[in-house]
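Data first, discussion second: the structure below is written as structure tokens.
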Amino acid sequence: MIKNIVFDFGGVLVQYDFKAFFAKQLGSEEQAEWFMQHILNEENNNLIDKEDKPFGEYIADWKRQWPDYVNAIDALDKHYADIFTGEVPGITPLMEQLKAKGYRILGLSNWSTKVFDVIRKYPKPFAQLEGSLISHEVHLLKPDVAIFNAFCQRFDVKPNECLFIDDKPENIAGAERAGLHGVVFTNTDQLREALKNEGIL
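If you're matching positions, the sequence shown starts at 85 in the working numbering and goes up one per residue.
Given below as structure tokens:
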């Protein structure tokens, strides 16, 4: 029986647009795409989300490595929350409804310490969470089974009593390998239907 509903953050609680942010910094979508392919690519994004060293040290390393992009890299540090464009429509009322039905509402996200900038800007959905585990705290990343195990240990929950919601199928696959149930998130209406099908709503 599901007792705990676990939410990813980016793409589930808040929306983002990295390309638009870096196009504004660099002057074109083409430059933004280059930046995201070579500097803030998946490998480097994972490094800052895992945060084996402080976020600022990665920023300093990248400024040395790519001196022509110092301003855009600096903007990533100083204006990080501007990448995020708003709450996902309808997600806060859905979380409130789940809380009212007695479910424990928790969070599990890959994110650097910059997450706190976003939480300050869009506090409402995050305020619904009883607690969360964020990758920078444990230096582990989804979809590694180890982060799901760490989550269950932190909150003293059984994996098979948790439903995990994430917009990336590979993270849902990791959750299911760890014994959690999972739903791939597209939008709030789709999630609401999935929760009804699970007998949760």
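Ideal Cβ placement from N, Cα and C applies to all residues, glycine included. Treat the numbers as computed from the prediction; the structure is a model and nothing was measured.
In the DSSP output, which residue or residues are listed as bridge partners for GLY111?
Counted from its first residue, the sequence shown places residue 111 at position 27. BP columns for GLY111 are empty, so no partner.
Per DSSP, what kind of secondary structure is VAL98 in: helix, strand or coil?
If you number the sequence shown from 1, residue 98 lands on position 14. Note: VAL98 maps to strand in three-state DSSP.
Among PHE102, LEU279, ASN255, SER193, which has the Cα closest to the Cα of LYS134?
Against the sequence shown, residue 134 aligns to sequence position 50. The residue with the shortest Cα to Cα distance from LYS134 is SER193.
Using alpha carbons as the reference points, say which of GLU245, VAL172, ASP152 lies closest to ASP101.
By one-based count along the sequence shown, residue 101 stands at place 17. Minimum Cα distance to ASP101 is reached at VAL172.
Just reading off the beta strand (DSSP E) that THR197 is part of, what are its end residues?
Along the sequence shown, read from residue 1 onward, the residue named residue 197 stands at position 113. Neither: THR197 is in no beta strand (DSSP E) and is coded neither H nor E.
Return the residue from the list GLN99, GLY266, ARG204, PHE91 that minimises the CA-CA distance to LEU178.
As a position in the sequence shown, residue 178 is number 94, starting the count at 1. It is PHE91.
Between the Cα of PHE93 and the Cα atoms of ILE189, TRP146, PHE210, which residue gives the shortest distance?
Translated into the one-based positions of the sequence shown, residue 93 becomes position 9. Closest option to PHE93, Cα to Cα, is PHE210.
Could you pull the start and end residues of the beta strand (DSSP E) that ILE218 belongs to?
Sequence index remark: in the sequence shown, residue 218 carries index 134 (1-based). Where ILE218 is concerned, the enclosing beta strand (DSSP E) stretches over 215-218.
Just grab the DSSP bridge partners of GLU171 for me.
Position 87 of the sequence shown, counting from 1, holds the residue named residue 171. DSSP lists VAL98 as partners of GLU171.
Under 8 Å by Cβ, that's how I've got ILE132 and TYR153 pegged, so tell me the actual separation to the nearest angstrom.
Position 48 of the sequence shown, counted from the first residue, corresponds to residue 132. Position 69 of the sequence shown, counted from the first residue, corresponds to residue 153. 15 Å between Cβ atoms; not a contact.
Taking LEU160 as part of the alpha helix (DSSP H), name the residues at either end of that continuous run.
If you number the sequence shown from 1, residue 160 lands on position 76. 154-162 is the extent of the alpha helix (DSSP H) around LEU160.
Between ARG238 and VAL229, what straight-line distance do the alpha-carbon atoms span, to the nearest angstrom?
As a working note, residue 238 is residue 154 in the sequence shown. As a working note, residue 229 is residue 145 in the sequence shown. Straight-line Cα distance between these residues: approximately 14 Å.
Residues in the same chain with beta-carbon distance under 8 Å from PHE269, minus the five sequence neighbours each way, listed in chain order, please.
The count along the sequence shown starts at 1 and reaches residue 269 at position 185. Taken in chain order, the residues that qualify are ASP92, GLY95, VAL96, ILE249, ASP250, ASP251, LEU275.
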